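Using our numbering, the first residue of the sequence shown is number 3, and each one after it goes up by one. The beta-carbon is built from N, C-alpha and C at its ideal position, and this holds for glycine as well. Model, not experiment: these values are computed from the prediction. Structure first, commentary second.
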Amino acid sequence: MIKNNLIRLAAVLALIGFLCGTAVASSVYDTGNRIWDAGENLSLTYTWTPESFSGFYYDLDSGEGSENLTIKLDSDSDRSIGAGDIEYVTRPISTSFEYNDWGSYHVIGFMAERYFAGYTADSNFADSEISMMADGQLAKVLIDTNDRKSYFPGSSITLNEGYVLTIVEIDLAGNNVLLSLKKDGVQVDQAIVAAGSTYVYETDIGSTDDVPMIAVNIQQVFRGTKTDAVFVDGIFQISEDYVSIETGDRFGRMEIKSVTEDEILMENRATVSFSRGSTINLMGQLNIGVADDTILRFAPFVDMSQPGTYELRGTVTDQPSVWTPFNFEGFYYNLDEGIGTESLEVEHISTRTIPDERLVYTSSAEEVSFERSAWGKFEVIGFMAEKYFAGYPANVLTDTRVSLLDNGQLSKVLIDDDTRRSVFIGSTVVLEDGYSLRISQIDLAGNNVLISLRKDGTQIEQAIVSAGSTYVYETDIGGTDDVPVIAVRFDQVFRGTELDAVFIGGVFQISEDYVTVDVGDRFGKMRVSSISPDEIVLKNDGSMRLAPGSTVSIMGDVKFRVADDSNDVRYYPFVEVVTLPGDTLEIDIPEILAEGSSVDIVVKSRGTAVEDVSISFAGEVIGKTNEEGLLRYTPRETGTIEVKAEKAGFVSTSKPVQVVSADDMQFAVAIDVEPDVVYDGDTITITVTTAIDGEPMEDVEVFYSEVSIGNTDGDGQLSFTVEDPGVHRISVEPEGYLEAQYNLEVLEKDMMFELSNLVVSPREVQPDETVTINVDVENIGTTTHETEIELLVNDVVVDTKTVTLNPGEVRTLEFTHSEADPGEYTVQVGEENVIFTVEEPERRIPFVGIIGSIAALLVAVKLLRWNNQEK
Numbered sequence: 003m004i005k006n007n008l009i010r011l012a013a014v015l016a017l018i019g020f021l022c023g024t025a026v027a028s029s030v031y032d033t034g035n036r037i038w039d040a041g042e043n044l045s046l047t048y049t050w051t052p053e054s055f056s057g058f059y060y061d062l063d064s065g066e067g068s069e070n071l072t073i074k075l076d077s078d079s080d081r082s083i084g085a086g087d088i089e090y091v092t093r094p095i096s097t098s099f100e101y102n103d104w105g106s107y108h109v110i111g112f113m114a115e116r117y118f119a120g121y122t123a124d125s126n127f128a129d130s131e132i133s134m135m136a137d138g139q140l141a142k143v144l145i146d147t148n149d150r151k152s153y154f155p156g157s158s159i160t161l162n163e164g165y166v167l168t169i170v171e172i173d174l175a176g177n178n179v180l181l182s183l184k185k186d187g188v189q190v191d192q193a194i195v196a197a198g199s200t201y202v203y204e205t206d207i208g209s210t211d212d213v214p215m216i217a218v219n220i221q222q223v224f225r226g227t228k229t230d231a232v233f234v235d236g237i238f239q240i241s242e243d244y245v246s247i248e249t250g251d252r253f254g255r256m257e258i259k260s261v262t263e264d265e266i267l268m269e270n271r272a273t274v275s276f277s278r279g280s281t282i283n284l285m286g287q288l289n290i291g292v293a294d295d296t297i298l299r300f301a302p303f304v305d306m307s308q309p310g311t312y313e314l315r316g317t318v319t320d321q322p323s324v325w326t327p328f329n330f331e332g333f334y335y336n337l338d339e340g341i342g343t344e345s346l347e348v349e350h351i352s353t354r355t356i357p358d359e360r361l362v363y364t365s366s367a368e369e370v371s372f373e374r375s376a377w378g379k380f381e382v383i384g385f386m387a388e389k390y391f392a393g394y395p396a397n398v399l400t401d402t403r404v405s406l407l408d409n410g411q412l413s414k415v416l417i418d419d420d421t422r423r424s425v426f427i428g429s430t431v432v433l434e435d436g437y438s439l440r441i442s443q444i445d446l447a448g449n450n451v452l453i454s455l456r457k458d459g460t461q462i463e464q465a466i467v468s469a470g471s472t473y474v475y476e477t478d479i480g481g482t483d484d485v486p487v488i489a490v491r492f493d494q495v496f497r498g499t500e501l502d503a504v505f506i507g508g509v510f511q512i513s514e515d516y517v518t519v520d521v522g523d524r525f526g527k528m529r530v531s532s533i534s535p536d537e538i539v540l541k542n543d544g545s546m547r548l549a550p551g552s553t554v555s556i557m558g559d560v561k562f563r564v565a566d567d568s569n570d571v572r573y574y575p576f577v578e579v580v581t582l583p584g585d586t587l588e589i590d591i592p593e594i595l596a597e598g599s600s601v602d603i604v605v606k607s608r609g610t611a612v613e614d615v616s617i618s619f620a621g622e623v624i625g626k627t628n629e630e631g632l633l634r635y636t637p638r639e640t641g642t643i644e645v646k647a648e649k650a651g652f653v654s655t656s657k658p659v660q661v662v663s664a665d666d667m668q669f670a671v672a673i674d675v676e677p678d679v680v681y682d683g684d685t686i687t688i689t690v691t692t693a694i695d696g697e698p699m700e701d702v703e704v705f706y707s708e709v710s711i712g713n714t715d716g717d718g719q720l721s722f723t724v725e726d727p728g729v730h731r732i733s734v735e736p737e738g739y740l741e742a743q744y745n746l747e748v749l750e751k752d753m754m755f756e757l758s759n760l761v762v763s764p765r766e767v768q769p770d771e772t773v774t775i776n777v778d779v780e781n782i783g784t785t786t787h788e789t790e791i792e793l794l795v796n797d798v799v800v801d802t803k804t805v806t807l808n809p810g811e812v813r814t815l816e817f818t819h820s821e822a823d824p825g826e827y828t829v830q831v832g833e834e835n836v837i838f839t840v841e842e843p844e845r846r847i848p849f850v851g852i853i854g855s856i857a858a859l860l861v862a863v864k865l866l867r868w869n870n871q872e873k
């Protein structure tokens, strides 16, 4: 009977398992992914939240987000989204200032950007609760930081929107500082602020009166025998250029349907077409990218063309989870072809700790099309959230298959671009890794062009390329021979009576600095578990702790961010993406202009002229560049003016220029400082020239933080060794000329050193057994410097080492450490941390004890037998 009951129980369990499996298989998901794909069993009404879309504002510590976007489809092939079928809702939430003593304020995500909604009763420097949102207004949060910096008399804190706060003077007692706030060079406020208090500048913003727009916390004021300084540890600024939000207002394709002090509701006012390969700007920086594919596939994304650092995060979770390109925007994904290669899985978490080998990363190579599709395909693999080249199948660039991955190598894809550009004779196409391609001359018939490929200024190859063909440069990469590393398509060659030019229709480049991947290799806290021509698997080498408020490095630029919450383990993976300088527009314009005199504004990118670039002067669009990247303009007002260049597909850029009257132009002076990045102890070169013609100015007295440091030589130069990290003012006022100033930020020496690859071995030891700790230290600065590296165990400094490194030099430091008591110990060097475990001591039974135990057992057996015989 028992057997029959067990069989029945097994049958019931099997049925339950089948039903559960069927339920899971038939689930239709209505949120969670960033990418909507018709083939992924997703709901036709789908919602993106701050937990699933990194473009929306999200406060990890509180677990609150502001924005939701819902799109309703009629079918999985519906490319015509009707009016009202795209709904956007956002609500204000309370968030803490970065400088915690200021309390909190109301923030709201709006159009995938962070906006200020109002001050709360908890806002320390506001006299009362202020709600701009209740007045139908929002303002961007421009600065919210608690970075501590020192400023010296005469230097300035450069804020946004033309505001500058100058440290004028410190009183004799060293208790107060006189501050001057200027807007576009005109003083708008002056105040005396005591140490330990906050300077606040209030102004009317739209219909909201007396809004604290700028707050700067003066932590300390120091008056010494040689140096005076002010220490600032909190800055907050909102924009005075507010956004009006009223029912009926339109933003891009969206229209506000209702607005209260608690919520903004918007809908698309007309049909939106999700046509193949299109990019739809919904509103502001919020866009929808649609795959160029017969299968409907689309995803929201934020325009990252502006210079800056952007966080791309995965779906927020409080349990073991799996991230793929569908729910982690940081992973490589080709939307047009629906190809992603990476996955990251947390298999288990116990008391905030991911055990050894329970964090698993997998990536596989896939074929994708070049941006210039006529070239065919290449093999790509996402590796540590970056796009790497794995090999070429036979295509236009190579006759045979070429594979780096077969040899355990990967190379970064540096350029994959099909933007059409014009390049003129004598100019250069700037590539990556020090390469450049010079357009030397065009033949008389206008059919061919002579080019010169250079590396770090040295010619390595010369070639004649005909119109309509592709120039390919091959070299050996590691153990792989004859790899095409550069390809440039020459669409047309033009020879005119006044102008010769070539038109480039595609550029592809991979790095010759390859990454070796082999079993056992370590990348951050991950170790390569297996590798094949098709797949790479990495697992965590040792346990990883998700401590409250921590940022945990995983590998490369991939990290976990953990909520500062002692109760819940809430976290997500992320990478920070810095918009590449190579994609940036460059403005060529003198720093000082004469009022009423025309000036040529030239815009380039990678050394080539860019046409159709929109140029703004003092916020007003003045025209677009021609095919030579040129726009001529005559300024009509004096002052400090911002010149801005913008074009879709490029990183916008801006440059401040000084416009002076024609009479003053001949008396204007320019100051330049080398190097661009300066650390404490560096020797800088200060150059003083006339602004009008750049002539060196000799015997000019130079002041550094109001103190004379010497006079310029015959080349207009003066060398000086800087001290005291912070912002200093360099100024000159040559006799008969206008005063010129230059704000120089001196960084702390520690900022030039980067720490990585922290390794602790072994990870499990007995009490008092020694572990070896290695960490790589790199000098990322421009000069040789010494630094002290601290080793912390459970937040206590247990050892230090001093190292001197040349620029670019990397050295591995080794520490040893032991602990007597069993338990987990966190080793930290810089921001890197690793856990090792001291196990309970092994219990050993002494030899004498073993013999005694055996003897006692034998005696017991003998007595037992004797007792049985007696019975």
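Inter-residue spacing [alpha-carbon to alpha-carbon] between residue i and residue j
{"i": "Y48", "j": "S96", "result": "27 Å"}
{"i": "N796", "j": "V777", "result": "17 Å"}
{"i": "N449", "j": "T472", "result": "14 Å"}
{"i": "T640", "j": "T168", "result": "21 Å"}
{"i": "L46", "j": "V274", "result": "16 Å"}
{"i": "S67", "j": "V109", "result": "For the sequence presented, residue 67 should be read as Gly rather than Ser. Each residue's Cα considered, the two are about 10 Å apart."}
{"i": "A469", "j": "F496", "result": "9 Å"}
{"i": "S654", "j": "V612", "result": "12 Å"}
{"i": "P877", "j": "E816", "result": "The displayed coordinates of the chain run from 3 to 873. Any statement about residue 877 would go beyond what the structure contains."}
{"i": "I775", "j": "V761", "result": "6 Å"}
{"i": "V26", "j": "L807", "result": "Because the pLDDT of V26 is 38, which lies under 50, any placement of that residue in the model is unreliable, and the question is left without a value."}
{"i": "L439", "j": "I488", "result": "10 Å"}
{"i": "A123", "j": "V690", "result": "51 Å"}
{"i": "F652", "j": "V615", "result": "10 Å"}
Nearest neighbour of residue i, chosen from the options [CA to CA]
{"i": "K751", "options": "H787, P677, E737, P764", "result": "H787"}
{"i": "T814", "options": "D823, E369, V831", "result": "V831"}
{"i": "F300", "options": "V779, D39, E242", "result": "D39"}
{"i": "Y437", "options": "S82, V724, R608, D80", "result": "R608"}
{"i": "I711", "options": "D717, E700, T723", "result": "T723"}
{"i": "L433", "options": "N336, D715, D458", "result": "D458"}
{"i": "P395", "options": "L416, S371, K389", "result": "S371"}
{"i": "V234", "options": "L181, S532, I453", "result": "L181"}
{"i": "V659", "options": "S79, I427, D358, G164", "result": "G164"}
{"i": "F1", "options": "D63, K649, D78, S513", "result": "Nothing in the structure corresponds to residue 1, since the chain is present only between 3 and 873."}
{"i": "M113", "options": "Q222, V779, N70", "result": "N70"}
{"i": "G286", "options": "A272, M306, D294", "result": "M306"}
{"i": "I341", "options": "P327, G696, R354", "result": "P327"}
Closer than 7 Å: residue i CB and nearest the ligand ADP heavy atom
{"i": "A469", "result": "Ligands are entirely absent from the displayed structure, and the ligand ADP is therefore not among its contents."}
Where the beta strand (DSSP E) through residue i begins and ends
{"i": "A119", "result": "115 to 121"}
{"i": "D418", "result": "411 to 419"}
{"i": "A742", "result": "742 to 749"}
{"i": "F1", "result": "Outside the modelled stretch of the chain, which goes from 3 to 873, sits residue 1, for which no answer is possible."}
{"i": "H72", "result": "For clarity, residue 72 is Thr in the given sequence; the question names His instead. Note, T72: beta strand (DSSP E), 69 to 74."}
{"i": "N835", "result": "834 to 840"}
{"i": "G384", "result": "379 to 385"}
{"i": "A465", "result": "460 to 468"}
Terminal residues of the alpha helix (DSSP H) in which residue i lies
{"i": "M215", "result": "No alpha helix (DSSP H) holds M215; the beta strand (DSSP E) holding it covers 210 to 225."}
To test your reading of the DSSP string, which unbroken beta strand (DSSP E) runs of 3 or more residues are found completely within the stretch 485 to 573? 502 to 512, 528 to 533, 537 to 542, 553 to 557, 560 to 564
Quick check for students: name the residue ranges of the beta strand (DSSP E) that lie wholly in the stretch 233 to 300, counting only runs of 3 or more. 256 to 261, 266 to 270, 281 to 285, 288 to 292
Three or more C-beta pairs below 8 Å linking the stretch 797 to 815 and the stretch 729 to 747: no
Which ranges would you report for the beta strand (DSSP E) in the stretch 770 to 811 if only whole runs of at least 3 residues count? 773 to 781, 787 to 795, 798 to 807
With a threshold of 8 Å, are at least 3 pairs of Cβ atoms found where one atom belongs to the stretch 529 to 546 and the other to the stretch 353 to 371? yes
Is it true that the stretch 383 to 391 meets the stretch 555 to 566, where meeting means three or more beta-carbon pairs spaced less than 8 Å apart? yes
Restricting to runs no shorter than 4 residues, where is the alpha helix (DSSP H) found entirely within the stretch 593 to 680? 664 to 667
For the stretch 142 to 157 against the stretch 182 to 194, are there 3 or more C-beta pairs whose distance is under 8 Å? no
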